[in-house]
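Only one structure is covered here, and it is reproduced in the block below.
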Amino acid sequence: MQYEVPVNMSSLDLVSTELAATLDEATDAFEEYISDTDKLDKLKDCAQLSWQIAGTLDLIQVPGAALLARNIEQALQSCCASGRGPNEKQAEALSTSLFVLPRYLESVASRQSDIAVILLPQVNELRAAHGKEPLYEHAQLGLKLPQFSREFSLEVPVQAGTPDQETLKRLRHMYQVGLLGVLRDSQVSLHLRLMFRAVQRLCALIPPGEAQRFWLLGNAVLDAFQERRLAINSTRRRIFTVLDKAFRSLSSDPQKLTVVPDAPACEQEMLYLLQISDSAPESIAGRLLKAADIAPLDVTDRDMQVAMQRMFGPGLDAMSTVIRELREELRNATDMLEILMQSGRTDEEEVAPLCQILVQLGGILQVLGLPTLARYARAQADQARALKDMDHTATLAALPNIADAILFIQHSLDNLERNPGAVEDLDDLTPDRQLQISSMSQLETSRLLVFKESESGISLAKRAISAYVDSDYDIAHIYNVGTTLNSIRGAFHVLTMGRITRVLTAAVTFVNDFVEKRDMRSPDKAKLLLETLADALISVEYYLTELSRHHRADEELLSLAEESLKALGYQVKPA
Numbered sequence: 001m002q003y004e005v006p007v008n009m010s011s012l013d014l015v016s017t018e019l020a021a022t023l024d025e026a027t028d029a030f031e032e033y034i035s036d037t038d039k040l041d042k043l044k045d046c047a048q049l050s051w052q053i054a055g056t057l058d059l060i061q062v063p064g065a066a067l068l069a070r071n072i073e074q075a076l077q078s079c080c081a082s083g084r085g086p087n088e089k090q091a092e093a094l095s096t097s098l099f100v101l102p103r104y105l106e107s108v109a110s111r112q113s114d115i116a117v118i119l120l121p122q123v124n125e126l127r128a129a130h131g132k133e134p135l136y137e138h139a140q141l142g143l144k145l146p147q148f149s150r151e152f153s154l155e156v157p158v159q160a161g162t163p164d165q166e167t168l169k170r171l172r173h174m175y176q177v178g179l180l181g182v183l184r185d186s187q188v189s190l191h192l193r194l195m196f197r198a199v200q201r202l203c204a205l206i207p208p209g210e211a212q213r214f215w216l217l218g219n220a221v222l223d224a225f226q227e228r229r230l231a232i233n234s235t236r237r238r239i240f241t242v243l244d245k246a247f248r249s250l251s252s253d254p255q256k257l258t259v260v261p262d263a264p265a266c267e268q269e270m271l272y273l274l275q276i277s278d279s280a281p282e283s284i285a286g287r288l289l290k291a292a293d294i295a296p297l298d299v300t301d302r303d304m305q306v307a308m309q310r311m312f313g314p315g316l317d318a319m320s321t322v323i324r325e326l327r328e329e330l331r332n333a334t335d336m337l338e339i340l341m342q343s344g345r346t347d348e349e350e351v352a353p354l355c356q357i358l359v360q361l362g363g364i365l366q367v368l369g370l371p372t373l374a375r376y377a378r379a380q381a382d383q384a385r386a387l388k389d390m391d392h393t394a395t396l397a398a399l400p401n402i403a404d405a406i407l408f409i410q411h412s413l414d415n416l417e418r419n420p421g422a423v424e425d426l427d428d429l430t431p432d433r434q435l436q437i438s439s440m441s442q443l444e445t446s447r448l449l450v451f452k453e454s455e456s457g458i459s460l461a462k463r464a465i466s467a468y469v470d471s472d473y474d475i476a477h478i479y480n481v482g483t484t485l486n487s488i489r490g491a492f493h494v495l496t497m498g499r500i501t502r503v504l505t506a507a508v509t510f511v512n513d514f515v516e517k518r519d520m521r522s523p524d525k526a527k528l529l530l531e532t533l534a535d536a537l538i539s540v541e542y543y544l545t546e547l548s549r550h551h552r553a554d555e556e557l558l559s560l561a562e563e564s565l566k567a568l569g570y571q572v573k574p575a
């Protein structure tokens, strides 16, 4: 199963600006059509732009985003062909899809990977609005699942007696009432229990065999839904309706009790849902998995729901803007703490502004989708309020703790700005975890400084080489290049980044040898050698740029640098 597909960030960066502009243009065209439905040409423009977007995403291999863009384009083309434009339901699905797509691309950029399955609910909302069959999650993940009814031997005892048609009709009616409640989003938990009860009773009426196993699987999946181990979305509602169709067939003809419903894809999807449900071992779903010896998948439905929820939260640009503003508030809080520590006063008038900042901070963090960090900030406000009832000694002991907490919030926000995909790291704020997050933030800040200084050093070395050639090979221009590169090499050695250290070691050796033997080469030969060195340095520079922006880089860039140095006769030593 390939749940997460790595994305080539160099390719994405190359097209990101143009892609964002095209997305904005498509959204504007659609909104203009919605405001004046006589402008069908705007709908056609949106369809054409969506086609371009889908093609670009296919080209740079972001399959999830490409799938949504392609479905947007097909839906728009269908509306244009009808000459009527989208109805209300179709327009809503298209509008939401155009909102989700750029958010999803932001999450791809932060994770540096594509998780197509989390887009399927939106894709299927769009497909359903336009009368197309839904896509199942297991198929999107490329899972080759067995037919549970045919390939397993699980069974339960059958109830004595022959089930009559009236009983089957009554159970089907029970299921139908539950299904209607779920589809209307009315008291979903209660109605899921009705559906579960109906299928559970049905399983006891079917003789052991393939048909019974099909319904046992359906029963276990409904159990996972009612236990809230699985979220309901448009794709999964489709499963409920498939089961209802099979139920209707049984209630009209009891002779079909031993016939497996003709829904192989639905059956495979139910098995997949059980595997991602993370159901408790003692639950019906957990017991069925254990009895059938079916292993759960590495990913859970909760993981997917968290990723989906983040797509509908504040975008990366909005989050970065808010974080910058929060830093100013945190600095104000730190200044207030210093004043309190110096003055020793903790009366209501002195403490109230600090409490207000911390409460506001908690509210903003909640809006950003950081509930654990929001509670942590509000807890510090409670600690600050308690200062006014403390004596001087207790106050001096409590103030540093609040200061440490504010510093931790600062480190957490720094981590988020660098890596928006690290939100789940803030779900568990034990003391050890807080220490780890703060340490990681300080280390990452140091690493980024090294990367930026190293980029400057590489640029300086390249300019020196250009000046050397332009000045008719005045050695003064490159005399210090070896020293500059060696200082960069030392920084990466300290960071234990072995491969780039070895590349720079070879580059330093070449430069030093070049300076020593400068009189032994013709100008043309010297220029050719320095051009090849520049190739290596450019590859290193691009590698550092990717590290600064994405915290990891394409190792092929270092391979290019190694090839250039090898061409110079300076083989990079293996680890």
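Under UniProt numbering, the final residue of the sequence shown carries the number 575; numbering is consecutive throughout.
Backbone N, C-alpha and C fix where the C-beta goes; we use that ideal spot for every residue, glycine too.
Please report the distance separating the alpha-carbon of residue i from that of residue j.
{"i": "V260", "j": "E210", "result": "6 Å"}
{"i": "M1", "j": "L557", "result": "Low confidence applies to M1: its pLDDT is 49, below 50, so where it sits in the model is not reliable enough to give any reading."}
{"i": "residue 586", "j": "E106", "result": "With the chain running from 1 to 575 in the structure shown, residue 586 is simply not present."}
{"i": "Q275", "j": "N219", "result": "14 Å"}
{"i": "A379", "j": "S189", "result": "33 Å"}
{"i": "residue 577", "j": "N233", "result": "Outside the modelled stretch of the chain, which goes from 1 to 575, sits residue 577, for which no answer is possible."}
{"i": "S456", "j": "L337", "result": "38 Å"}
{"i": "A21", "j": "C80", "result": "23 Å"}
{"i": "V515", "j": "A507", "result": "12 Å"}
{"i": "L416", "j": "E444", "result": "12 Å"}
{"i": "E546", "j": "L485", "result": "19 Å"}
{"i": "S251", "j": "E267", "result": "20 Å"}
{"i": "I72", "j": "L94", "result": "7 Å"}
Using the rule of at least 16 other Cβ atoms within 10 Å of the residue's Cβ for burial, across every protein chain shown, is residue i buried or exposed?
{"i": "D114", "result": "buried"}
{"i": "L49", "result": "buried"}
{"i": "N87", "result": "exposed"}
{"i": "G569", "result": "exposed"}
{"i": "G286", "result": "buried"}
{"i": "H392", "result": "exposed"}
{"i": "I406", "result": "buried"}
{"i": "I475", "result": "exposed"}
{"i": "T395", "result": "buried"}
{"i": "V367", "result": "exposed"}
{"i": "I339", "result": "exposed"}
{"i": "K517", "result": "exposed"}
{"i": "M520", "result": "exposed"}
{"i": "S454", "result": "buried"}
{"i": "E269", "result": "buried"}
{"i": "Q165", "result": "exposed"}
{"i": "E133", "result": "exposed"}
{"i": "T162", "result": "exposed"}
{"i": "Q140", "result": "buried"}
{"i": "E541", "result": "buried"}
{"i": "R375", "result": "exposed"}
{"i": "S97", "result": "buried"}
DSSP on residue i, reduced to helix/strand/coil?
{"i": "S97", "result": "helix"}
{"i": "D114", "result": "strand"}
{"i": "P261", "result": "coil"}
{"i": "M1", "result": "Low confidence applies here, because M1 scores a pLDDT of 49, under 50, leaving its location unreliable; read the following figure in that light. Looking at M1 - three-state DSSP - the assignment turns out to be coil, as it is neither helix nor strand."}
{"i": "residue 582", "result": "Past the boundaries of the shown model lies residue 582; the chain is included only from 1 to 575, so the question cannot be answered."}
{"i": "T395", "result": "helix"}
{"i": "K132", "result": "coil"}
{"i": "S283", "result": "coil"}
{"i": "V15", "result": "helix"}
{"i": "I294", "result": "coil"}
{"i": "E92", "result": "helix"}
{"i": "V158", "result": "coil"}
{"i": "R229", "result": "coil"}
{"i": "A204", "result": "coil"}
{"i": "I478", "result": "coil"}
{"i": "D185", "result": "coil"}
Determine the contact status of residue i and residue j, defining contact as a CB-CB distance below 8 Å.
{"i": "V108", "j": "V62", "result": "yes"}
{"i": "A384", "j": "L354", "result": "yes"}
{"i": "A204", "j": "L171", "result": "no"}
{"i": "H411", "j": "S446", "result": "no"}
{"i": "V156", "j": "F240", "result": "no"}
{"i": "E325", "j": "S283", "result": "no"}
{"i": "S277", "j": "F214", "result": "no"}
{"i": "A224", "j": "L216", "result": "no"}
{"i": "A65", "j": "L120", "result": "no"}
{"i": "L145", "j": "Y272", "result": "yes"}
{"i": "A403", "j": "T334", "result": "yes"}
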